[in-house]
Structures are given as structure tokens and as C-alpha cells.
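UniProt numbering numbers the first residue of the sequence shown as 1 and each following residue consecutively.
We put the CB at the ideal spot given by N, CA and C, even for glycine.
Accompanying notes for the structure given below.
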Amino acid sequence: MKLNEKQALAANTIDKNVLLDASAGTGKTTVLVNRYVNILDKGKFDGIKNEDVLSSVVAITFTKKASNELKERISKLIYEKAKTDERFKAYYNNMPFASISTVHQFALKMLKSLPLLAKIDPRAKVAEEDEAKLLLDRAIREALEEKNYDDFFKALGKNYDDDFVSSLNAIANKTMGMDIAKLCDNTKAFLKEINNEEKINEAINTMLNTIAEVKGKLTDRATLFKMIKKHEAALNNLKNNGVSDSDINLIKIFAYEIGQNKKLEDKYDIITNSAIYILSALEIAKLDYYDEFFNLLESIHEKYKSIKKEEAVLDFNDLEILFRNLLKQRELREFIKSKISYIMVDEFQDTSPIQKEIYYLLNDILGKNRLFVVGDFKQSIYAFRGADVSLYNSVREDFEKDDKNSTCILMNDNYRTGKEIISSVNKLFNAKMPGYVDLEAKGDIVNSEVKIINYIKDRERDDEARAIANEIIDLHEKGEAFKDIVILVRNNNSSEAIEKMLKFVNIPVYNNASISLNSRDEIEDIYNFIHYLRYEDELSLIALLRSSVYALDDDEIFTIKDRDEFKNYKEELNLYISMKDDERLDEVIKTFIKNTNYTEKILHRNRAPQAYANIRSFINKISTYYDSGITNFENIADALLASRNRSASEASYISENDDLVRIMTIHKAKGLEAKVVICAKTNFRKNFDNGFAKLSGDKIFLRFKDLYANFKSSQEEDNLLDEEEKKRNLYVMLTRAKEKLIIFKSKGSAGFTLLLEGMDGKYEEANIEERVLEAKKLDIEESMDDLITKEKLQWQSLYAPLPSRAAYAYDFNSNSFKVYDDERDILEEGSDRKSLGSAAHRFCEAYEGKNFDEILNESAESYKLSEKEKELLNICAKNYEKFYKTVTNAKTYKEFEYYYIKDDIIYTGVIDRLDEYEDHVEIIDYKVTSLDEDTVKNIYKTQMKMYVDAVKNIFKKEAKAKIFILSRDKLIDME
1 MKLNEKQALA
11 ANTIDKNVLL
21 DASAGTGKTT
31 VLVNRYVNIL
41 DKGKFDGIKN
51 EDVLSSVVAI
61 TFTKKASNEL
71 KERISKLIYE
81 KAKTDERFKA
91 YYNNMPFASI
101 STVHQFALKM
111 LKSLPLLAKI
121 DPRAKVAEED
131 EAKLLLDRAI
141 REALEEKNYD
151 DFFKALGKNY
161 DDDFVSSLNA
171 IANKTMGMDI
181 AKLCDNTKAF
191 LKEINNEEKI
201 NEAINTMLNT
211 IAEVKGKLTD
221 RATLFKMIKK
231 HEAALNNLKN
241 NGVSDSDINL
251 IKIFAYEIGQ
261 NKKLEDKYDI
271 ITNSAIYILS
281 ALEIAKLDYY
291 DEFFNLLESI
301 HEKYKSIKKE
311 EAVLDFNDLE
321 ILFRNLLKQR
331 ELREFIKSKI
341 SYIMVDEFQD
351 TSPIQKEIYY
361 LLNDILGKNR
371 LFVVGDFKQS
381 IYAFRGADVS
391 LYNSVREDFE
401 KDDKNSTCIL
411 MNDNYRTGKE
421 IISSVNKLFN
431 AKMPGYVDLE
441 AKGDIVNSEV
451 KIINYIKDRE
461 RDDEARAIAN
471 EIIDLHEKGE
481 AFKDIVILVR
491 NNNSSEAIEK
501 MLKFVNIPVY
511 NNASISLNSR
521 DEIEDIYNFI
531 HYLRYEDELS
541 LIALLRSSVY
551 ALDDDEIFTI
561 KDRDEFKNYK
571 EELNLYISMK
581 DDERLDEVIK
591 TFIKNTNYTE
601 KILHRNRAPQ
611 AYANIRSFIN
621 KISTYYDSGI
631 TNFENIADAL
641 LASRNRSASE
651 ASYISENDDL
661 VRIMTIHKAK
671 GLEAKVVICA
681 KTNFRKNFDN
691 GFAKLSGDKI
701 FLRFKDLYAN
711 FKSSQEEDNL
721 LDEEEKKRNL
731 YVMLTRAKEK
741 LIIFKSKGSA
751 GFTLLLEGMD
761 GKYEEANIEE
771 RVLEAKKLDI
781 EESMDDLITK
791 EKLQWQSLYA
801 PLPSRAAYAY
811 DFNSNSFKVY
821 DDERDILEEG
831 SDRKSLGSAA
841 HRFCEAYEGK
851 NFDEILNESA
861 ESYKLSEKEK
871 ELLNICAKNY
881 EKFYKTVTNA
891 KTYKEFEYYY
901 IKDDIIYTGV
911 IDRLDEYEDH
921 VEIIDYKVTS
931 LDEDTVKNIY
941 KTQMKMYVDA
951 VKNIFKKEAK
961 AKIFILSRDK
971 LIDME
């Protein structure tokens, strides 16, 4: 693709810091790809070894998916360049080492390269958000159990329940890395400062005088007039005697309940602001509770650190803090300069303060002119994850001041969207978003349209969902493919009515916005099964009997409850209760599903492929606990049941080529484009904030049962920021469409409704007639080849253990991924437990000729091995030690990630060990199995062939593959 003037300038300016302000649809990824390759071509790599040049160019993306896509596109361009430039052949072969990742992946890589200086446990693993949340919940419950907090709960008007723990989790997470003692001091200093008797009396007089001034100007119907009449005596008492605790409810009335009056707006504001000040000052009486809260928060942080150390876990906050601290060590500057040459950061508008600090520290080490950031303030929509859009503007200011080393470039030529849509979007946001610069339509779309469809919101029925279904039927009858239609919603919980309606009228749909994994019937059934295993309670048993597993109705359950049949069901379930102490929970569930023919039962549902994918996803989730070294049934069951009511996305079971309408949230649609975009549920309401603690700059305010003015003021400040982010969400929503932008809108002021007022487009009334698509309903048993069907179950079993790793191939011709399972992690018949194999792999990865006993014990402890398993691990470790001593004159790579292109297919995977000799490379793959040699060869021949092809392609040397049976000290040559 030929670059336009601004794109070329951004891609070719590699000797300065660059802020690329890239509006929607302007080709920022194209710039990133070309700039990366230009740096390889013309960059300065002083102090960087030739073999490290590629990995020294760091590209940071917001998500793992984005980093994979960027890596693919860069690989393709390097592949083309390699045809005419020898240097790029080496870069192409080294693509497995390219530093294209999220900031957390990059931080982990750098920390692991300096574990002693970084002060991290070499066994450390990174906890995903859900895992970290569970560990933090555990810390919170441990802290709460240390003392009696009844008085604190009473002051807050709260109970010790899951909601309270969730609120504590939120504030504890927000304050990670912060100085809790300093937060406490700042908060108390503020409360003491505003508790000024003179100012309190002044506020009382101001409030009372203003009330007296406006009283005669009010009608007797005005809310304020009624309040004055009702509380006249109390107001006089307040004037004569000053404020006391008994006056709190009175002052709250005049702070929050006096209504509105446009003519007297200024006077009303004086009354409410004076009352709010008084309430804020009275919060000084809660200082003891503030002390108790901050002590609790400190305890939670300490316990969380202790739990993470015990579990050898790092969370994302740890990675950022440790990496930031590492970069501040001046003695490491030369090391950093030998490893990193340039930094590029995508989606910079969604950066957090500590991430910005990391990028600035890196750039300072590199000479203050090697930082490239690309973003768009209009698309900053991740404040809930700590993103701060003001940081983006502050970087712009920094670069504009330092014009010698920095430059700012604006790209506003849009190649995605038709000019009619662009014109409507420009007009809307010019009036609502300060600093907005018009998009210029430069694409080849001849005709585009904006349609605004009005509907009347009815509590009794969902006319919007019906109207959306009819609109899609009309579009399809006019030739639009379903896969070209995307429905966007603001949040997860507003999509299910639309999904249900589309399925009802036979429109094929995939709901990527759904939060309903945990609420789906099949997952509820598994939860009830786990609950019964854990507690053997009758409620869970009855839920199982009513479910698809046994399919009894209430009359049948009532009939059998006191008879032998009920006991029979209990005895059947006792089989699994006895299994849980000896088998992994995921294996118990697979056995339960198999014995009850549950899979066959769910295959008769309309949404069978999705249900099947959900079950596999849930079982895979359980296996991650064992992979992380958590093996106790009670701990795993408790963690799963605690997460039962949390949101979790359903597993994806579709490919990009399936002809289905997609429903997704605005956040998931970031970077997406579609021929037709339908904007739905635009009248959403903000979720109620049930929290009791609010971080406000360098202070935290609490919401007490009787006093909450400081909390509420902080909340209102957040609401102002939320309103700005709401505009940015709407901008992202409206700029995804290529040809047709269809907006469903109702009356009112909620959500985007007011923001959409006056938008240019064709206005229509919603069509809510009852129609059904005449096209044949999808038959999952005969069509949808990519999905799981009854026939496929004959060879693709749900009960085969899910691989924890796989080799992936992306075929550019078919635009789809192919997956080749890495059987290494399969628990084969006759082999030891999977945890033994994982522990053996960990030992082999960590052992470098010394500290044998220490590494052996750590490996066994990490996977909670039994005494028998420890003995077996010792045998494996000694066999590996003997092998280790035989390898000489070779460069060894462990956990080698390969990545190469062949016949327009990108292959990627992980190899346990490579030994590179002068004329060849030996591939070593570890196994723990009792299978005979011929069986092992037959099982793993495809995997080994892929490894050999990859290594030959990357190293340009002959490659030999061997399987090392650690448990038997046997090396098998794979011919």
C-alpha cells in the first residue's frame, strides 16, 4: 500500500520522538508496520549486537491480540523485503525474538533477564486479572477475620458479604503501589482543615440568609418552599445554637433535596454548596473509622503481597512497579542500551501514569529521541482500567516544547468510512468535543448513509429488538450478508434481548457482548454439580435433578423425594464425591458428563455449538488451577463458586468467515470496521455505584450511613469525567461503519440519547411488525462445518484433555487460523499425573548445572506433588542431569518460541529445548510416559515434523528431533 504524505512522514521520521495523532480509520497500523521495517532498514543500533537488532526494536500494543496481528503484518512485509535485501532474511528468521507485545509481556521479559536485580522469584508466574482478583479476595477475607469490624460495618450501613468484599477489592486494587500511610495522612489533614469553626458558622449563616432571601420569591408548590415551611423551627434553632449531630438530616435535605429553579439557580447553588460544606466538615467525627479503614487497607495489601509470594505469583501492577523501579537503577543504563534501541507504543491514549513513566525512563536512557507514540484522544475509553487521557495531551505538550528532538503529526484522512457518514460524525462532534479536528473522507466508498430509527421504549416488550431484527431482514433481502452486519452496544448486559430476538426470527447471530457464560444453563449445571460435590446439599441436588442432566420436573422430584429413587440419585453422585479426593476436578467433571450423556443432550439445542464451546472453556479454566500449582479440591471449588456471579465472556466458536450477525460491545469493537454498523441500546443507564470508598487524587473518602458529602463530591467529579468518556465511546461507536450507519434511538436523556440530538441523517420510525426470516433455519447437524456436530464428536472428544499449548498456523489465503495440538500436555494412558510432567518440565527449564536439590524441591512444591510423585520427579531430574552433562559445544535455547512463514502460512509454537551446534540443531522434547517407543513415535511424529521444519527454516541448518523420556532415561530419535 502506498503511504500518503502524513503516513510517510510518520513512518520515515525515526530520528526524533513522534506523537502520531491518528483519528479513526486513518491507517495507524500501516504506519506502525512500515515504521518498524524502516527502523530495521535505516535505524542506528550503536552498542546492539547484530543478532539482537530485531529484538531491540520494541513495539507495545494494548492487547495480546493486537500484538499478534501486528507481528503478522510486520512478518509479511519483512518477508517481501527479504526477497531483495539479504539483511531482511536474517530479520525474518529472527522473528521469534521480536519484541512485539503488551507492556506487561515486555516488562516480564526484561525482569526475567535480570531476576536478581529485579528481586523476583525465578518460579514466578503472572496471574491474569481473574486469578489476581481471587487472590486479593482471599487477602481481604483473611484481613477481615483478624478482628471485629462490627462497629465499622454499622457506621457504613454495610454487612460483611460478597458485595462488601467486592467493594474492598476495587479500592485495594486502585491503591496498589500507593503509600497507604500517606493517603491516610492526606485524608485526615483535609478533614481537619475543613473543620474550621469560623468557616462552618459562615456557611450556616450563608445558607440561612439565602433561604430567607429566596423564600418570598417561591411559589407554595416549590419543593424548597415546602422544605422551609416544614423545617422552619429547626432552621431557627440552627441559627441560634449552631450545628450539632442532630442537625445532620436537616442539612442533608438542603444539600440534596431542594429541587431546581432556573430563575433562582445561583441562589439554589449557594444553599446546596453551603450545606454540603457543613456536612463535609462534620465528617471529622469519623476520624477513628478512617483510621480503622486505612489500617484494614494496609493489612489487605500486606496479606496480598504475602499470598503472592507464597504462590510465586506476580500481578500486572507488580510487573509495572518492578520494571519502573528497575529502570531507575542508573547502573543498568548500559545494559538497557545494549538491549533496546527504539520504542513504539500503540493506543497511547489508554496509557496509565506508571506506564507513561516507564516509556519516558526508557527514552531517557536511549538519548531522549527514540520514542514513538500513536493514539487518538477521541478514542480513550479505558478509564476503568486506569487509563488517563490527560497523559496523552501532556505528551503532546512535552513534544511540542522540545521541537529539536520531537515532533507531532496529525492524520485525519479517513479511508474506512463513506463521506456521508463522515460529514454527520464531524458535525456532531464539532459541537460536543473541544479540540475536535474534522475527518476527511478519502476512501473509495461512493455511497454511504446514516439512518436514525426512533422507537418508543416499552417496559412490557422490547420493540427495539424487534425493530433491529426487521431492519436486518430488510438488509439481507437487499443483498447484505449477515457477516457484514455488526451490532454495537455500550455494555455487556444490554445485548441478550437482541440476541434472543434475532434467534427467534431465524437470523444467525453470535453475541460477543454477552456476559452470560456463568448464567448459561450448561455452566449452571456444572456449578450445581461442583456445589454438590463440595457441600452435598439438597438444594444443589434438586437443581441437578431439574437440569438437562436428569430432566425431572418438579412433580417427579416431589414424588421421589422420600422414596428409594431419590437415594439412587444420591448414590450415583456419591461416585463422583469419592473420585474428587483422588482425581482432578476437571477429570471428575468429564467423567460425570460422559456417564450422563450430557453432551448428546445439549446437542439438541439451537445453540449447541456455543454450549459445547462453553463447556470446553469452563473445563479448560479449571485445568489452569492445576497448571498454577493449586491442586486442593476445596480451594479450587471455593474459588470457582466465588466467581459464579461474576461476568465472564462466552467461548468463541466461530471463524471470521461464518455468515452470522455479530453483537459486541464498543470496547471489543476497538479497531474493528464493518460494512453495516447498527448502534443499539443507546439509552443505557449507568450502573449504580454500590462502593463505600472513593479514591480522590491523594485522598480516600468513605460513604458513611449518615455522612457522605466528601464521598459524593468525589463521585460527582468522576461523573464529569464519565460524561467526557461517554462522548469518546460514542465517537468510537459511530466511526466503525464503512457504508451504513444505523442508530436506534428513543426519547429521554439516558445514555447517548442527548448526545445524538441533532445528528444529520435519515430519520424513520421503527418497524415493529412481527416477521420471521424465510430462510431455512441453520441446522447444526448438517451445516456450519467449522462448528462441533454430532458426527465430529466421534473423533473430536470433549473428554480428551484440553492442550495447554498448541501450535497455530494462520493461512492468509483462507484468512483463518489452523490449530495443531501439542500432545505433550496430554495425560496419556499409563502415564503419571499431569502435575508430575509439569514439574519435570519446570526442573529441566530451571536447571543449569547447579542447585540441583533446591530446584528439585521448588519444582515439586510448585505442583504440590505427593511423596510418590516426588520420588518419580527425582528420577526424572537425575536422568536430565546426566543428559545435561553430555551436551558440549552447543548453544542451548529453552522454551524456544518459533515463528516463521511458509507458503503464506505463519507457524508458531514452543519447543522445550534446542541445542545449536556448528552444523546442525538438535530438538529435545521432554515426556513423562510409560508408553512404548513405537507408540510414542506414532503419537508425536506430526508435532516433531513441524518442529524440524520450523528449526530448519529459522536456523538454516539441518535439524534432528529427539524425544527424551525423562522417566526412563531414554532418548528416542524421530527419523
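| Contacts around Lys2, its chain only, beta-carbon distance under 6 Å, and the 5 residues preceding and following it disregarded | The residue labelled residue 2 in the question sits at position 2 within the sequence shown. Once the five neighbours on either side are set aside, Lys2 has no close Cβ partner at all.
| request: State the start and end residues of the unbroken beta strand (DSSP E) segment that holds Glu257. | output: Reading the sequence shown from its first residue, position 257 is the one you call residue 257. Element bounds for Glu257: n/a, residue is neither H nor E.
| task | Note down, in chain order, each residue of its chain lying with its Cβ closer than 6 Å to the Cβ of Asp462, except the 5 sequence neighbours on either side. | result | Residue mapping note: residue 462 aligns to position 462 of the sequence shown, counting from 1. Cβ neighbours of Asp462 beyond the five flanking positions: Ala497.
| Can you tell which of Leu322, Asp718, Lys747 has its C-alpha closest to the C-alpha of Thr682? | Here residue 682 corresponds to residue number 682 of the sequence shown, with the count starting at 1. It is Lys747.
| query | Taking the alpha carbon of Ala959 as the point to measure from, which residue in Ile204, Tyr917, Ile421, Asn874 has its own alpha carbon closest? | reply | Here residue 959 corresponds to residue number 959 of the sequence shown, with the count starting at 1. Closest by alpha carbon: Tyr917.
| Residue interval of the alpha helix (DSSP H) (run including Leu362) | Sequence index remark: in the sequence shown, residue 362 carries index 362 (1-based). It spans 353-365 - the alpha helix (DSSP H) in which Leu362 sits, taken as one unbroken run.
| said: So Asn317 and Met178 are supposed to be a Cβ contact under 8 Å. How far apart are they, rounded? | reply: Taking the sequence shown and counting its residues from 1, the one referred to as residue 317 is at position 317. Taking the sequence shown and counting its residues from 1, the one referred to as residue 178 is at position 178. So it is not a contact: roughly 10 Å between Cβ atoms.
| Is the region 276-286 touching the region 200-209 in the sense that three or more CB pairs, one from each, lie closer than 8 Å? | yes
| task | For Val446, count neighbouring C-beta atoms within 10 Å of its own C-beta (all shown protein chains included) and say buried if the count is 16 or more, exposed if not. | result | Mapped onto the sequence shown, residue 446 falls at position 446. It counts as exposed.
| field | Sequence-distant residues of its chain with Cβ nearer than 7 Å to Gln7 (five each side left out) | value | Position 7 of the sequence shown holds residue 7. If we look at Gln7 and ignore the five residues flanking it on each side, its Cβ neighbours are Gly27, Thr30, Val31, Met411.
| request: Inspect the beta-carbon positions of Thr665 and Asn493 and report whether they are closer than 8 Å. | output: As a working note, residue 665 is residue 665 in the sequence shown. As a working note, residue 493 is residue 493 in the sequence shown. No, the Cβ-Cβ distance between Thr665 and Asn493 is not below 8 Å.
| Since Lys962 contacts Asp973 with CB under 8 Å, what's their CB separation in whole angstroms? | The residue you call residue 962 lines up with position 962 of the sequence shown. The residue you call residue 973 lines up with position 973 of the sequence shown. With a Cβ gap of about 6 Å, Lys962 and Asp973 count as contacting.
| Cβ pair Glu480, Ser448 closer than 8 Å | Walking along the sequence shown from the start, residue 480 turns up at place 480. Walking along the sequence shown from the start, residue 448 turns up at place 448. Cβ distance not < 8 Å, so Glu480 and Ser448 don't count as in contact.
| said: Output needed for Phe323: all residues of its chain with C-beta closer than 7 Å, excluding positions within five of it in sequence on either side, in chain order. | reply: Reading the sequence shown from its first residue, position 323 is the one you call residue 323. If we look at Phe323 and ignore the five residues flanking it on each side, its Cβ neighbours are Ala107, Met110, Leu111, Ile358.
| message | For Ala155 and Phe704, what's the separation of their Cα atoms in angstroms? | response | In the sequence shown, residue 155 corresponds to position 155, counting from 1. In the sequence shown, residue 704 corresponds to position 704, counting from 1. So the alpha carbons of these two residues sit roughly 6 Å apart.
| Three or more C-beta pairs closer than 8 Å, one from the region 694-704 and one from the region 497-511: is that the case here? | no
| said: Which residue marks the beginning of the alpha helix (DSSP H) containing His531, and which one marks its end? | reply: What you label residue 531 is simply residue 531 of the sequence shown in a count that begins at 1. Start and end: 521-535.
| task | Within the same chain, show all residues whose beta-carbon is closer than 6 Å to that of Ala877, passing over the 5 residues directly before and after it, in chain order. | result | Stepping through the sequence shown from its first residue, residue 877 is reached at position 877. Contacts found: Phe843, Leu856.
| message | For a cutoff of 8 Å on Cβ pairs, would you count Glu897 as touching chain C? | response | This model lacks chain C altogether; it includes just one protein chain.
| Identity of the residues DSSP links to Val677 by a beta bridge | Indexing the sequence shown from 1 puts residue 677 at position 677. Answer is Val486, Leu741, bridged to Val677.
| Pairing CB atoms from the region 283-292 with CB atoms from the region 254-261, are three or more of them under 8 Å? | no
| query | Run through DSSP, which three-state label would Glu922 get? | reply | As a first step, residue 922 is located in the sequence shown; it is residue number 922 there, counting from the start. If DSSP states are grouped into helix, strand and coil, Glu922 belongs with the strands.
| query | Does the region 525-542 touch the region 572-587, meaning 3 or more C-beta pairs lie closer than 8 Å? | reply | yes
| field | Reference Ser274; option with closest CA among Asn148, Asn209, Val437 | value | As a first step, residue 274 is located in the sequence shown; it is residue number 274 there, counting from the start. Ranking the options by Cα distance to Ser274, first place goes to Asn209.
| Check whether Ser406 and Lys44 have beta carbons under 8 Å apart | As a position in the sequence shown, residue 406 is number 406, starting the count at 1. As a position in the sequence shown, residue 44 is number 44, starting the count at 1. No.
| said: Suppose contacts are defined by Cβ-Cβ distances below 8 Å. Is Ala127 in contact with Lys303 by that definition? | reply: Against the sequence shown, residue 127 aligns to sequence position 127. Against the sequence shown, residue 303 aligns to sequence position 303. No, Cβ-Cβ distance for Ala127 and Lys303 is not below 8 Å.
| Asp85: first and last residue of the uninterrupted beta strand (DSSP E) it sits in | Sequence index remark: in the sequence shown, residue 85 carries index 85 (1-based). Per DSSP, Asp85 belongs to no beta strand (DSSP E) and is neither H nor E.
| query | What separation, rounded to the nearest whole angstrom, lies between the Cα atoms of Glu848 and Tyr880? | reply | Position 848 of the sequence shown, counting from 1, holds the residue named residue 848. Position 880 of the sequence shown, counting from 1, holds the residue named residue 880. Taking the straight line joining both Cα atoms gives about 11 Å.
| message | Rounded to the nearest angstrom, what separates Lys217 and Pro434 at their Cα positions? | response | As a first step, residue 217 is located in the sequence shown; it is residue number 217 there, counting from the start. As a first step, residue 434 is located in the sequence shown; it is residue number 434 there, counting from the start. Going by the C-alpha atoms only, they are around 38 Å apart.
| query | Would you report the Cα separation of Glu283 and Phe153, rounded to the nearest angstrom? | reply | Against the sequence shown, residue 283 aligns to sequence position 283. Against the sequence shown, residue 153 aligns to sequence position 153. Those two C-alpha atoms are separated by around 16 Å.
| task | Pull up the distance between the alpha-carbon of Ile452 and that of Lys570, whole angstroms please. | result | Within the sequence shown, numbered from 1, the residue matching residue 452 stands at position 452. Within the sequence shown, numbered from 1, the residue matching residue 570 stands at position 570. Cα-Cα distance, rounded: 57 Å.
| Asp403 to Ile354 span [Cα, whole Å] | On the sequence shown, position 403 is the one that residue 403 refers to. On the sequence shown, position 354 is the one that residue 354 refers to. Using only the alpha carbons, I get a separation of about 25 Å.
| said: Cutting at 8 Å between CB atoms, please list the residues of its own chain near Ser547, excluding the five before and the five after it. | reply: Residue mapping note: residue 547 aligns to position 547 of the sequence shown, counting from 1. So the qualifying residues of the chain are Asp521, Glu524, Asp525, Asn528.
| query | Is the beta carbon of Arg736 sitting closer than 8 Å to the one on Ala680? | reply | As a first step, residue 736 must be located in the sequence shown, where it is residue number 736. As a first step, residue 680 must be located in the sequence shown, where it is residue number 680. No. Outside cutoff.
| request: Would you please state the rounded distance, in angstroms, between the beta carbons of Glu739 and Gly418? I believe it to be under 8 Å. | output: Start at 1 with the first residue of the sequence shown, and residue 739 comes out as number 739. Start at 1 with the first residue of the sequence shown, and residue 418 comes out as number 418. Right, their Cβ atoms sit about 6 Å apart.
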